[in-house]
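Worksheet: the structure to be examined is printed underneath.
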Amino acid sequence: MRAKKLGQIGAHAIAIFASLIMVVPVYLIVVNAFKTRPQASSMGLEFPAGFQLVNNFPTVIEKGKLVASFTNSMIYACGSTILGTLFAAMAAFVLSRRRTRLNRFLYFFIIMGIALPMNYFTLTKVMQFTHLINTQVGMIILYAASQIPFGVFLIYGFVGTIPRELDEAAIIDGCRPVQLFVRVILPLLTPVLVTTGLLNFLGSWNEFLLPLYYLNNSAYWPMTLSVYNFFGQYQQSWNLVSADILLTILPVIVLYLAGQRFILSGLTSGAIKG
Amino acid sequence: MKLQRQYPFAFVLGALVLYLVFFIIPGISGIAYAFTDWNSYHPEVNFVGLDNFKVIFSSGERYLNYISNTLIFVSVTIVLKTVFGLALALLLNDAVKRLSHVYRMMIYLPVVLPMLAVALVFRSILNPATGLLNVLLRGVGLDFLAMKWLVDPKIALFSVIGVDTWKGVGYIMVILLAGLQTIPKEYYEAAAVDGAGALAKFRHITWPLLTPALIVVTVLNVLYGLRVFDIVYVLTNGGPGYATEVVFTAIFKAFSQGRYGLGTAISSLLFVVMSAVGYFVIRLMERESASE
């Protein structure tokens, strides 16, 4: 009995230690965002001295032009999530319901995109040809396209669990395809749509590489690029950099805490079905 | 009943068109451009045969180094993430009786953070003089371990690997945890009745039954690792020297320098390799779904 108790204490000690290691960097960002520049120079663990919280946020928001970047990030993340999730759901629904040879091929062809790297050079040509380069609409569409393969993969698996009898009943009641999809199927897909939507939103919000390639105009930069650029200018002011980073990760952490269940279930339902 | 009319092909078109236009067309046409001198200085594009591939596979431009750095990154992160991820999954699944979901939430947190934010914070944590890591190491008397993490060319790549492991281990843990939860408890109870120890249970029950999850984890790590970019770009930008240059940072440099033909050649190589990996994975999935 005592050995068991000791084992439990040991296990918790290791788990707490591991958890602390994972949380420390976020903690560093939070405490250093409220320090003066000299206090934050080494990004230390200690609390801001003497409870004199320094308000770095107005400075950062003004100097980093964060209102524009935050708005851009929201536009890209929301726009691409709606577009990417909806298109993926429509495709997954039909591909899963009508398993013709062509549709089976198309399903595997699309989810192959999970593995395929984008070719940024020829993609530039495509972006120029479609007049999407250096535009906000272009970013939304590009992000949405990059979400399609994984979205189709996740949703396809879920559509298979919805009984076909529901479709047949709806059709007998006179539902047309769009009505069937919008009124019957979409509501039943809610859990997987929330999961896919959350993962897509987080992925778009965190995206760094695509805007680096395709947005020269700083007025269109999302948070990631503007924070990176801000860091380049204010490397010595870790208090400001921390405040800047904190504003970038705040929406991510809020979404994560609120939607944890959906995020974790999405990962595992996709990966472990065997 | 005419069911196919209820499942119109038009529904597939949105996803399919986006996928074709932004993945497949650039990917396939890239293979053609890989044999040209396409660049940003001259408007005309000429066929140059295998010249770009000769540049990649000769020692003159270090591309072989970048490829080997990428392969080191892939293989070491796979080992580290799998070992730590499995240890944490076993800890949370078996050893810890309560609060396991709280630990899981904290350990998974880095996965959802933007890589950019993580890399910037670690640039300060790994600072040789003032960074938190070395301050702590010196504080507990381990001065000899306080290294020049991102500055010393010999260890910089491994520092990047360490940060990436920190960022990604929660993801691997969660997948393995789900894998562990599919193993029926009765197996362990029966083994205990037969007098099997913890090690024997792991070897004969956990490990074999966890194999599908381990394969998934490995595939995900390979796909991620071959394309690694953000973390290297922000932590070291390929330096010091070329010590941490990987394929995707080299591609970005080729892009910035206007060497489009060369960059397309590397991208196409990767496109072909990863198509093959993807095809292999899909065949595996097909076989599994057929046996269901």
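Those protein sequences? They're chains A and B, same order as listed.
Residue numbers for the first sequence follow the working numbering, beginning at 44 and rising by one.
Residue numbers for the second sequence follow the working numbering, beginning at 956 and rising by one.
Where a beta carbon is used, it is the ideal one built from N, C-alpha and C, also for glycine.
Remember, it's a predicted structure, so these values are computed and weren't measured experimentally.
Starting from the beta carbon of residue i, find every residue of chain A whose beta carbon is closer than 7 Å, and list them in chain order.
i	result
B/G985	N162, F164 and T165
B/K1052	Q51
B/Q961	D210, I214, P220 and L223
B/F1226	L159, P160 and N162
B/L1075	F274, V284 and I288
Please list, in chain order, the chain A residues whose beta carbon lies closer than 8 Å to that of residue i.
i	result
B/F964	V137
B/D1185	F251 and L252
B/I1080	P68, L71 and M86
B/M1070	N249 and F251
B/F1113	Result: empty, since nearest Cβ-Cβ is about 17 Å, beyond 8 Å.
B/G1123	In chain order: nothing, as chain A lies at least about 11 Å away.
Where does residue i fall in DSSP's three states?
i	result
B/F1002	strand
B/T991	strand
B/R1064	Per the sequence shown, residue 1064 of chain B should be read as Leu rather than Arg. Three-state DSSP puts B/L1064 in a helix.
A/N30	Summary: the structure shown does not reach residue 30 of chain A, with chain A confined to residues 44 through 317, and so no result is reported for it.
B/V1187	helix
A/Y277	coil
A/Q190	helix
B/V1051	coil
B/M913	Nothing in the structure corresponds to residue 913 of chain B, since chain B is present only between 956 and 1247.
B/E1200	coil
B/H1159	helix
A/K106	helix
A/S85	coil
A/A158	coil
Of the choices the options, whose alpha-carbon is the least far from that of residue i?
i	options	result
B/D1006	B/I1221, B/G1123 and B/G1040	B/I1221
A/I191	A/L236, A/N272 and A/V67	A/L236
A/A166	B/F978, B/T1037, B/F1077 and B/R1053	Reading off the sequence shown, one finds Leu at residue 166 of chain A, where the question assumed Ala. If we check each option's Cα against that of A/L166, B/F978 comes out closest.
A/K106	A/I292, A/L307 and A/Y277	A/Y277
B/F990	B/R1078, B/V1000 and B/P981	B/V1000
B/R1238	A/R140, A/M155, A/L197 and A/F274	A/M155
B/F1157	B/D1049, B/F1099, B/I983 and B/L1064	B/D1049
B/K1109	B/K1052, B/P1195 and B/V1051	B/P1195
B/L1169	B/L1132, B/V1183, B/I1022 and B/Y1234	B/L1132
B/Y974	A/Y186, A/C218 and A/S308	A/Y186
B/A919	A/G50, A/A58 and A/T143	With chain B represented from 956 up to 1247, any question about residue 919 of chain B goes unanswered, as that position is not in the structure.
A/P234	A/A132, A/I157, A/A188 and A/L290	A/A132
A/I205	A/E89, A/F196 and A/L231	A/L231
B/M1229	B/Y1197, B/N1176 and B/Y962	B/N1176
A/W248	A/F90, A/M117, A/K48 and A/G50	A/M117
A/F193	A/R219, A/T239 and A/E208	A/T239
B/A1209	B/P981, B/N994, B/G969 and B/M1240	B/N994
B/I983	B/V1010, B/A1205 and B/T1219	B/T1219
A/A76	A/L290, A/L258, A/F172 and A/L242	A/L290
For residue i, collect the residues of the same chain with a Cβ closer than 8 Å to its Cβ; drop the 5 residues on either side in sequence, then sort them by chain order.
i	result
B/T1199	N1024, A1111, L1112, V1115, V1187, L1190, T1191 and G1193
B/T1173	I1033 and T1037
B/D1098	L1092
B/A1151	H1159
A/A213	Q222, L223, R226 and V227
Between residue i and the rest of its own chain, which residues show a CB-CB distance below 7 Å, the 5 nearest in sequence each way excluded?
i	result
A/F136	V202, F224 and I228
B/V1171	I1130
A/I52	none
A/S112	W264, P265, M266 and S269
B/I1127	K1036, T1037, G1040 and V1172
B/L1081	L1088, W1104, L1105 and S1114
Enumerate in chain order the residues of its own chain whose CB-to-CB distance from residue i is below 6 Å, with the five nearest sequence positions on each side excluded.
i	result
B/V1232	none
B/L1164	I1138
A/Y150	L138
B/L1100	L1092
A/N260	N177
A/Y256	Y163
For a contact defined as C-beta to C-beta under 9 Å, what are the partners of residue i on chain A?
i	result
B/P1065	M65, V66, P68 and V69
B/I1160	Near B/I1160 there are no residues of chain A at all, since even the closest Cβ is about 16 Å away, more than 9 Å.
B/P981	M161, N162, Y163, F164, T165, L166, T167, K168 and V169
B/Y1142	Residues of chain A passing the Cβ test: none, with the nearest at roughly 16 Å.
B/F1210	Y163, F164, T167 and Y256
B/T1204	Result: empty, since nearest Cβ-Cβ is about 10 Å, beyond 9 Å.
B/G1218	N162, Y163 and F164
Taking residue i as the query, report the chain B residues whose CB atoms sit under 8 Å from its CB, ordered along the chain.
i	result
A/A188	L973, Y974, V976, F977 and F978
Closest Cβ-Cβ distance between residue i and chain E: below 8 Å?
i	result
A/Y277	Included in the structure are the protein chains A and B, with no chain E among them.
In chain B, what lies closer than 9 Å to residue i by C-beta?
i	result
A/K133	Looking at the sequence shown, residue 133 of chain A is not Lys but Met. Those are A965, F966, V967, L968, G969 and A970, listed as they occur along chain B.
Can you name the residues of chain B whose CB is closer than 7 Å to the CB of residue i?
i	result
A/G156	Y974 and F978
> Does the segment 1081-1096 of chain B come close enough to the segment 285-305 of chain A to have 3 or more Cβ pairs within less than 8 Å?
Replying inline: no
> Three or more beta-carbon pairs under 8 Å between the segment 81-88 of chain A and the segment 259-269 of chain A, yes or no?
Replying inline: no
>> I want to know whether the segment 110-130 of chain A touches the segment 1116-1124 of chain B - three or more CB-CB distances under 8 Å.
In response: no
> Is the segment 1054-1066 of chain B in contact with the segment 49-67 of chain A, if contact means three or more CB pairs nearer than 8 Å?
Replying inline: Three or more beta-carbon pairs drawn from the segment 1054-1066 of chain B and the segment 49-67 of chain A are found closer than 8 Å, and the two stretches are therefore classed as touching.
> Does the pairing of the segment 161-180 of chain A with the segment 208-223 of chain A give three or more beta-carbon distances under 8 Å?
Replying inline: no
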